[in-house]
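K.L.:
The sequence shown begins at 0 in numbering that gives the first Met the number 0 and counts up one residue at a time. Don't be surprised by glycine CBs; every beta carbon is placed ideally from N, CA and C.
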Amino acid sequence: MTTLLHVAVSPREGRSHSRRAAQLVLAQLAEATSGLRIIERDLATTPLPHPDAAFVEASLMPDADRTGAHHAELALSETLIGELEAADAVLISTPVHNYTVPSTLKAWLDLVVRPERTFRRTPTGKVGVLADRSVLVVSASGGNFDGAHAQTDFLMPYLRYVFATVGIQQVDGIRLQNTARGAESAAQAFDGFRRELAERMLLMPLVA
Numbered sequence: 000m001t002t003l004l005h006v007a008v009s010p011r012e013g014r015s016h017s018r019r020a021a022q023l024v025l026a027q028l029a030e031a032t033s034g035l036r037i038i039e040r041d042l043a044t045t046p047l048p049h050p051d052a053a054f055v056e057a058s059l060m061p062d063a064d065r066t067g068a069h070h071a072e073l074a075l076s077e078t079l080i081g082e083l084e085a086a087d088a089v090l091i092s093t094p095v096h097n098y099t100v101p102s103t104l105k106a107w108l109d110l111v112v113r114p115e116r117t118f119r120r121t122p123t124g125k126v127g128v129l130a131d132r133s134v135l136v137v138s139a140s141g142g143n144f145d146g147a148h149a150q151t152d153f154l155m156p157y158l159r160y161v162f163a164t165v166g167i168q169q170v171d172g173i174r175l176q177n178t179a180r181g182a183e184s185a186a187q188a189f190d191g192f193r194r195e196l197a198e199r200m201l202l203m204p205l206v207a
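1. Quick check on the DSSP output: the alpha helix (DSSP H) that includes Leu-59 runs from which residue to which?
2. According to DSSP, Lys-125 sits in a beta bridge with which residue or residues?
3. Does the separation of the CB atoms of Val-137 and Ala-21 fall below 8 Å?
4. In chain order, what residues of the same chain lie with their CB nearer than 8 Å to the CB of Leu-75, ignoring the 5 residues before and after it?
5. Mind the definition here: the region 24-36 touches the region 60-70 only if three or more C-beta pairs lie below 8 Å; say whether that holds.
6. Which value, in whole angstroms, describes the spacing of the CA atoms of Leu-108 and Leu-23?
7. Drop a sphere of 10 angstroms on the beta-carbon of Val-170, count the other beta-carbons inside from all chains shown, and report buried for 16 or more, exposed for fewer.
8. Looking only at DSSP bridge pairs, what is Ile-38 linked to?
9. Around the Cβ of Ser-33, are there at least 16 other Cβ atoms within 10 angstroms (buried) or fewer (exposed)?
10. For Ala-106, which of Leu-90, Asp-41 and Val-128 has the nearest alpha-carbon?
11. For my contact list, Gly-172 and Met-200 are in at a C-beta cut-off of 8 Å; report their separation, rounded to the angstrom.
12. Taking only the alpha-carbon atoms, compute the straight-line gap between Phe-192 and Glu-77 and give it to the nearest angstrom.
13. In whole angstroms, what separates the C-alpha of Val-128 from that of Arg-119?
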């Protein structure tokens, strides 16, 4: 059985362009992959807490020195890491907020990227300990990243860097652009998304 972790981010739920695009991806994967199991992690319907002082203390404490209270602080983090470890591939559907990841996705990352759990510190830098797997990021933005008035993309470079920190190198993305410029522009964005998705799935399936 193949397992896919879908991290859904947009707070707009039914009106979300990125969620609608993710459903296209999931439909293609379900058709192409026999027995596909999907782990849904919805950051809008079940928001995650941002790390507080107690979590930071517990995450930095050597495991041998942790108390029951420390382990309780890390329980949600362990659940999220377990979902990631169980997945053969990951789909992240997210809007672009102020040129980068929404705070809810940042909270998920902050709970997953943990020293001596998903990466280790070495004299030459951080080394990821998770097995590599494919991550597809479906992002939606009101503006565009191409042409004369292109926005700067801080989302994909950041996600590639942070996933590499934990050992995941295969991070790819498909963008929905200009979704805030009227119905015609949004329809054109989805047409382009469908074409690119078909090409990506043909050349590089998300799950084997």
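P.N.:
According to the structure shown:
1. Where Leu-59 is concerned, the enclosing alpha helix (DSSP H) starts and stops at 52-59.
2. Answer is Arg-120, bridged to Lys-125.
3. Yes, they are a contact pair.
4. Result list for Leu-75: Leu-47, Pro-48 and Leu-110, in chain order.
5. No, the region 24-36 does not touch the region 60-70.
6. Rounded to the nearest angstrom, the two C-alpha atoms are 25 Å apart.
7. Flag for Val-170 reads buried.
8. The partner list for Ile-38 (beta bridge, DSSP) reads Leu-4.
9. It is exposed - the Cβ of Ser-33 has fewer than 16 other Cβ atoms within 10 Å.
10. The shortest Cα separation from Ala-106 among Leu-90, Asp-41 and Val-128 belongs to Asp-41.
11. A Cβ-Cβ separation of about 14 Å leaves Gly-172 out of contact with Met-200 under the 8 Å criterion.
12. Phe-192 and Glu-77: Cα-Cα distance of roughly 34 Å.
13. If I take the Cα positions, the gap works out to 7 Å.
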